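Enquirer: Numbering (the UniProt record's numbering), first residue to last: 1 to 342.
Where is the CB? At the ideal position from N, CA and C, for every residue including glycine.
All values derive from a computational prediction rather than experimental measurement.
Okay, here's the structure, questions in a sec.
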């Protein structure tokens, strides 16, 4: 709306008073009776003044306030809509923050678990290496203190020292193998070979160990003797040997270890099953961890390094295949892995 100039406002007021003065003069001129003229003049002046003031208010005040009022009135839905939008934004932010916190909480838990495994691993490495080192130290000190001249113990202690050194070498070689497998530095030499014949060779090498506990090593029923697969032959032999040794270590006296083969189209499933002590549900998810033992005292008595199953898992995964374990405490354990059929 256009603004009214001050000169126009003064003009409107002047005209209004001139009209009032003219009316007052005419009333006095034609009404000689003064009280009556006053009675007529006062209401007339009041009415004219009210009309003039009302007109001025409408013209100069209401006309300016009306657009503001309309703007405020029209702005109210916008305020509500804006408030709703703000509520939606706050709700979305709260959800995103909650999801972020949940994700970070899980990450923290995983990091704590990894830190726990790291500490356990370092402790296990220290223990596994410390044991043969202390044994070697004891044997050598005994020999230096005069035992070297005693034919009853000198050769015995030297042989025990040799076994302790071999154990240390075995642990170091296993750790090195796992490190190379994890980093992908170990190249696989993939060839075609007969898996049945390989298992026979592994049985022959572990026969003495199994006989000590009267454990029978055998094939499953209807095992095909002409099963050819593709893989790194020395590494797969290590897998089978480690699984057989594990089944003997955790088997029962007079028990058995059975290896079976199953045709799966372009794959061969190999199962190594025993009827030993089994693995508890709590320990089962961790059997492939380095140095993890479900029965620590028993496996150490058998001379295991605690790295056999970890190596097995990494070798199979390096072949882009899978390995699984199922176990029932008191009934036995079954390890299964796949190999590509040749």
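1) Considering only residues of the same chain and omitting the five flanking positions on each side of residue 202, which have a CB-CB separation below 7 Å?
2) Got a sec, what are the start and stop residues for the beta strand (DSSP E) residue 272 sits in?
3) Quick one: any contact between the region 225-233 and the region 187-194, if contact means 3 or more CB pairs under 8 Å?
4) Confirm, please, whether the CB-CB distance from residue 257 to residue 309 is below 8 Å.
5) Are residue 279 and residue 251 touching if we call contact CB-CB under 8 Å?
6) Tell me whether the beta-carbon of residue 269 lies closer than 8 Å to the beta-carbon of residue 336.
7) Within 10 Å of its beta-carbon, does residue 139 have 16 or more other beta-carbons around it, so buried, or fewer, so exposed?
8) Measuring only the C-alpha atoms, how far is residue 287 from residue 92?
9) Starting from the N-terminal side, write out each stretch of the beta strand (DSSP E) that is 3 residues or longer and does not extend beyond the region 144-231.
10) What is the DSSP secondary structure of residue 243, counted as helix, strand or coil?
11) Would you grab the beta carbon distance between residue 314 and residue 181 for me? Rounded to a whole angstrom, and I think it's under 8 Å.
12) Do residue 164 and residue 195 have their C-beta atoms within less than 8 Å of each other?
13) Please return the same chain residues whose Cβ sits closer than 6 Å to the Cβ of residue 220, not counting the five positions on each side in sequence.
14) Would you identify the three-state DSSP class for residue 320, choosing helix, strand or coil?
15) Tell me, which residues are paired with residue 280 by DSSP?
16) Under a three-way DSSP split, which group does residue 237 fall into?
17) Secondary structure at residue 339, three-state DSSP: helix, strand or coil?
18) I'd like the span of the beta strand (DSSP E) that includes residue 263, first residue to last.
19) Please tell me whether residue 248 and residue 209 are closer than 8 Å, where the distance is taken between their beta carbons.
20) How many Å lie between residue 342 and residue 267 at the Cα?
Expert: Quick answer:
1) 237, 240, 241 and 244
2) 267-274
3) yes
4) no
5) no
6) yes
7) buried
8) Taking the CA atoms as reference points, residue 287 sits about 43 Å from residue 92.
9) 190-194 and 216-219
10) helix
11) That pair is a contact at about 4 Å.
12) no
13) 258 and 260
14) coil
15) Answer is none; residue 280 lacks a bridge partner.
16) helix
17) strand
18) 256-264
19) Yes; because the gap between Cβ atoms is below 8 Å, this pair is in contact.
20) 9 Å
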